[in-house]
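For the sequence shown, the residue numbers in our numbering are 49 to 302. Glycine included, every Cβ here is placed at the ideal spot set by N, Cα and C.
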Amino acid sequence: MQTPPQLTPDAALFLDFDGTLVDLAETPEAIEVPKALVALLGDLHDLLGGAVAVVSGRQIDSIDRFLAPLRLPAAGEHGVQRRDAKGHMQEQRAPDLTAVLDAANELARVHEGLLVERKHAAIALHYRLAPQLEAVCRDAMERVIAGQPQFELLHGKFVFEVKPAGVNKGIAIDAFLGEAPFAGRVPFFAGDDTTDETGFAIVQPRGGIAIKVGAGPSLATHRLDSTRAVFEWLLQARDLLTGPAALSPKDAEG
Ligand SMILES: [Mg+2]
């Protein structure tokens with residue numbers, strides 16, 4: 049895997065959030081978002097004609113809170129929610145999650161270190177503080193959705209998540225690419241987790257650039273080592289897009 053090429057003025061930029069833009073923390077609420085990152089994303093949004101979107105497993109509310117005052121186009125809960133460039137929000141109806149929530153809560157009651165997160169249409173069971181419980185968590189979540197094809201179990205970094213089937217980051221990115229200002233641009237997508245692979249699978253056949261952040265196998269043909277490396281790459285992009293190289297050759301001559 050190679051270092052990604054730089055963003056060009058005709059790029060559409062899709063970014064995962066946790067583990068890509070910000071380092072993971074002990075709980076989803078404990079992350080720290082540098083002010084410089086918020087400013088940088090705002091600048092890139094302007095420089096790329098609005099074609100910058102966050103594509104996350106988080107709810108869009110949460111992304112907005114951490115990136116305030118920015119309100120970028122976004123896909124939340126792996127695409128269950130999507131807010132387009134005009135600010136229109138689409139959201140799938142939530143399935144009945146009662147049994148899943150009960151099972152997750154029961155597990156968290158019996159074992160220390162588990163965190164249950166209720167989202168709009170999904171239940172996430174975080175085991176970052178108790179990694180030894182991975183198999184226990186997997187078994188319980190697999191059992192509760194067995195024989196229910198409307199659900200799908202996602203395994204991310206120290207989290208199992210029950211979400212509606214037929215929704216993923218790739219489908220969300222594809223929907224953005226069918227709309228202004230993303231349509232017709234070269235898609236770039238950076239993500240760090242297994243759940244980002246569906247996004248990589250969408251952008252690469254469209255002549256786009258998939259960027260795996262951190263270690264691990266991936267479909268992506270490009271790699272950046274860390275959130276720090278992503279930040280540096282985006283900084284460089286801003287410099288290039290605002291600098292003389294961003295001008296057309298004709299402008300540069302004059
Ligand atoms: Mg991530």
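In three-state DSSP terms, what is residue i?
i: lysine 167; result: coil
i: histidine 159; result: coil
i: proline 235; result: strand
i: glutamine 129; result: strand
i: leucine 118; result: coil
i: alanine 60; result: strand
i: alanine 79; result: Checking the sequence, you will find isoleucine at residue 79 rather than alanine. Residue state, collapsed to three classes: coil.
i: arginine 271; result: strand
i: histidine 136; result: coil
i: proline 265; result: coil
i: glycine 247; result: helix
i: glycine 30; result: Absent from the model: residue 30. The displayed extent of the chain is 49 to 302, so no value can be given.
i: valine 210; result: strand
i: glutamate 301; result: Bear in mind that a pLDDT of 45 at glutamate 301, under 50, signals an unreliable position, so the model cannot answer this.
i: alanine 285; result: helix
i: leucine 55; result: coil
Whole angstroms is fine: what's the gap from residue i's alpha carbon to residue j's?
i: leucine 61; j: alanine 99; result: 6 Å
i: leucine 173; j: proline 82; result: 27 Å
i: valine 207; j: arginine 286; result: 33 Å
i: glutamine 180; j: glycine 161; result: 10 Å
i: isoleucine 221; j: valine 103; result: 8 Å
i: aspartate 273; j: phenylalanine 248; result: 17 Å
i: glutamate 74; j: glycine 67; result: 12 Å
i: leucine 88; j: leucine 282; result: 8 Å
i: proline 235; j: glycine 218; result: 12 Å
i: glycine 226; j: leucine 63; result: 17 Å
i: alanine 151; j: aspartate 244; result: 27 Å
i: histidine 136; j: histidine 93; result: 17 Å
i: arginine 186; j: tyrosine 175; result: 10 Å
i: glycine 255; j: alanine 268; result: 12 Å
i: isoleucine 193; j: valine 278; result: 36 Å
i: glutamine 284; j: alanine 84; result: 14 Å
i: phenylalanine 237; j: proline 76; result: 22 Å
i: aspartate 144; j: leucine 115; result: 30 Å
i: glutamine 252; j: glutamate 182; result: 32 Å
Going along the chain, which residues of its own chain have a beta-carbon closer than 7 Å to the beta-carbon of residue i, five neighbours each way excluded?
i: valine 215; result: His126, Gly127, Val128, Gln140
i: glutamine 107; result: Gly124, Glu125, Gln129, Lys167, His168
i: leucine 289; result: Leu55, Pro57, Leu95
i: arginine 233; result: Asp58, Ala59, Ala60, Ala99
i: phenylalanine 65; result: Val102, Ser104, Arg106, Ile111
i: lysine 205; result: Gly67, Leu72, Asp241
i: leucine 69; result: Leu63, Leu85, Thr275, Val278
i: glycine 90; result: Leu118
i: aspartate 132; result: Pro121, Glu227
In chain order, what residues of the same chain have a beta carbon less than 6 Å from the beta carbon of residue i, not counting five sequence neighbours either side?
i: valine 158; result: none
i: threonine 51; result: none
i: glutamate 154; result: none
i: arginine 119; result: Asp112
i: phenylalanine 230; result: Ala60, Ala99, Phe224
Within 7 Å: the Cβ of residue i and any heavy atom of ligand 3?
i: threonine 56; result: This structure lacks ligand 3; the ligands present are ligand 1.
Mind reading off the beta-carbon distance from residue i to residue j? Whole number of angstroms is fine, and I expect it under 8 Å.
i: histidine 203; j: threonine 242; result: 6 Å
i: isoleucine 257; j: proline 53; result: 7 Å
i: phenylalanine 199; j: valine 210; result: 5 Å
i: alanine 156; j: valine 148; result: No, alanine 156 and valine 148 are not in contact; Cβ-Cβ is about 13 Å, not under 8 Å.
- prompt: In chain order, what are the residues with a CB under 6 Å from some non-hydrogen atom of ligand 1?
  reply: Asp64, Asp66, Gly67, Thr68, Gly239, Asp240, Asp241
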